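Okay, so here's the structure we're looking at.
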Amino acid sequence: MVLNFLKKEYIKYFVLAVMLLLLAIFILPVSIPIILALLTAIIMEPIVKFTQKTFKWKRKPAVITNFVLFISAISGLLYLVITKLFSQLIYASQTIPSNINNWTGLWIDMQNSLFKYTEGLPKEVVESIQNKFDATLESMRDALLDILSYSNISALLTNIPNFLVSFIVFIIALFLFMLDLQNLQVKFFHYLSDNTASKVRFIFASIKKVAIGFMKAQIIASFIILGAAFIGLLFIITPKYALIMALVIWIIDIIPILGSIAVLAPWAIYHYLTGDMVLGTKLTILAVILLVIRRAVEPKLMGSQMGISPLAILIAMFIGAKLFGFIGFMLGPLVVIIFITAKESGMLKLNFKI
Numbered sequence: 038m039v040l041n042f043l044k045k046e047y048i049k050y051f052v053l054a055v056m057l058l059l060l061a062i063f064i065l066p067v068s069i070p071i072i073l074a075l076l077t078a079i080i081m082e083p084i085v086k087f088t089q090k091t092f093k094w095k096r097k098p099a100v101i102t103n104f105v106l107f108i109s110a111i112s113g114l115l116y117l118v119i120t121k122l123f124s125q126l127i128y129a130s131q132t133i134p135s136n137i138n139n140w141t142g143l144w145i146d147m148q149n150s151l152f153k154y155t156e157g158l159p160k161e162v163v164e165s166i167q168n169k170f171d172a173t174l175e176s177m178r179d180a181l182l183d184i185l186s187y188s189n190i191s192a193l194l195t196n197i198p199n200f201l202v203s204f205i206v207f208i209i210a211l212f213l214f215m216l217d218l219q220n221l222q223v224k225f226f227h228y229l230s231d232n233t234a235s236k237v238r239f240i241f242a243s244i245k246k247v248a249i250g251f252m253k254a255q256i257i258a259s260f261i262i263l264g265a266a267f268i269g270l271l272f273i274i275t276p277k278y279a280l281i282m283a284l285v286i287w288i289i290d291i292i293p294i295l296g297s298i299a300v301l302a303p304w305a306i307y308h309y310l311t312g313d314m315v316l317g318t319k320l321t322i323l324a325v326i327l328l329v330i331r332r333a334v335e336p337k338l339m340g341s342q343m344g345i346s347p348l349a350i351l352i353a354m355f356i357g358a359k360l361f362g363f364i365g366f367m368l369g370p371l372v373v374i375i376f377i378t379a380k381e382s383g384m385l386k387l388n389f390k391i
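Quick note on numbering: the sequence shown equals residues 38 to 391 in this note's numbering.
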């Protein structure tokens, strides 16, 4: 049995698996901008073909048009987010000194309320409650100071040039991939035998089908989040702004890496810094509720739309996120999809028993 498993065929697959594992560990983390550019080019390929067919254009004008539209949309979104963030930070820095007095008054009121409710209790119990209260406040202060520490801020500023370089590499690689994607496909299949090429085409077709299912699942989940966010915001802010902010959360939530927490967390922190503890707490609770809803419905939706077990999707998303962070959240299910389609196409033969 063991000898059968160690046939050349299985040794070849074992060596290939080891090489892919080493590639994933050492090459993948530093190649993320290029990989994202390739995936984006593949996703945008149907749009490029649609543009060519609709306007009777050659490939280059269609690629340039869609590339410019894509970059314009990304740049506009980044501009809005960055300018809004800086304006809110400037406003918060101007109001924090005055809010310190409000926080101090709030703290004194909380202490007075505590003394009122603990009146009549044994002295040891009152001291224990007071110590716990002070310890909680001190831990919150230390956590805030740690977030705003010089080392964290300098580390964030140090990473900005790296992000800009990665973003520039992504933009250039995306344009080149979009221009040359068809030639790359031809060259890729040129190195494969007819039998292997048919199996790889089957895998690509399955991945394309699954990718469409993935997008459908994300859109359906985002509409669920839109409804939940709008209902939740109706109890927090005025209906007019509730609809606007729910739409903003919906747009951001479509992006798998970000989600609604990218809007609600800064919003809640801003209100905490400006002294509106009640509104900040409500927004924090809403953020947690939306996060729980998405994590609950996402695996089931992805499983139903992609044709894969929700449990397999959940495990793949968890392991991928633990190994590679946010990128692994998407790479995990992709690896499962490739493995399943490779097995269905006959490229992987794992008909062995232990």
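We treat Cβ as the ideally placed atom computed from N, Cα and C, and that holds for glycine.
Because the structure is a prediction, the values reported are computed rather than measured.
Cα-Cα separation between residue i and residue j, rounded to whole angstroms
| i | j | result |
| --- | --- | --- |
| residue 70 | residue 101 | 20 angstroms |
| residue 280 | residue 320 | 15 angstroms |
| residue 286 | residue 124 | 19 angstroms |
| residue 173 | residue 164 | 14 angstroms |
| residue 98 | residue 271 | 46 angstroms |
| residue 232 | residue 246 | 21 angstroms |
| residue 216 | residue 79 | 11 angstroms |
| residue 171 | residue 314 | 18 angstroms |
| residue 268 | residue 259 | 14 angstroms |
| residue 242 | residue 307 | 46 angstroms |
| residue 94 | residue 84 | 13 angstroms |
| residue 257 | residue 201 | 33 angstroms |
| residue 353 | residue 162 | 49 angstroms |
| residue 234 | residue 226 | 6 angstroms |
| residue 316 | residue 265 | 18 angstroms |
| residue 237 | residue 309 | 53 angstroms |
| residue 56 | residue 66 | 15 angstroms |
| residue 116 | residue 167 | 47 angstroms |
| residue 198 | residue 119 | 16 angstroms |
| residue 322 | residue 220 | 51 angstroms |
| residue 376 | residue 109 | 36 angstroms |
| residue 48 | residue 58 | 15 angstroms |
| residue 303 | residue 196 | 20 angstroms |
| residue 72 | residue 51 | 24 angstroms |
| residue 274 | residue 253 | 30 angstroms |
Reduced DSSP category for residue i - H, G, I as helix; E, B as strand; rest coil
| i | result |
| --- | --- |
| residue 273 | coil |
| residue 243 | helix |
| residue 221 | helix |
| residue 336 | helix |
| residue 171 | helix |
| residue 296 | coil |
| residue 159 | coil |
| residue 95 | coil |
| residue 307 | helix |
| residue 284 | helix |
| residue 327 | helix |
| residue 231 | helix |
| residue 313 | coil |
| residue 291 | coil |
| residue 345 | coil |
9 angstroms Cβ cutoff met for residue i and residue j
| i | j | result |
| --- | --- | --- |
| residue 74 | residue 207 | yes |
| residue 305 | residue 289 | no |
| residue 381 | residue 218 | no |
| residue 324 | residue 301 | yes |
| residue 373 | residue 349 | yes |
| residue 240 | residue 378 | yes |
| residue 331 | residue 365 | no |
| residue 291 | residue 255 | yes |
| residue 263 | residue 229 | no |
| residue 107 | residue 88 | no |
| residue 261 | residue 334 | yes |
Rounded Cβ spacing between residue i and residue j (contact assumed at less than 8 angstroms)
| i | j | result |
| --- | --- | --- |
| residue 104 | residue 212 | 5 angstroms |
| residue 368 | residue 361 | 6 angstroms |
4 or more residues per run - each alpha helix (DSSP H) lying fully within the region 41 to 92: 45 to 59, 69 to 92
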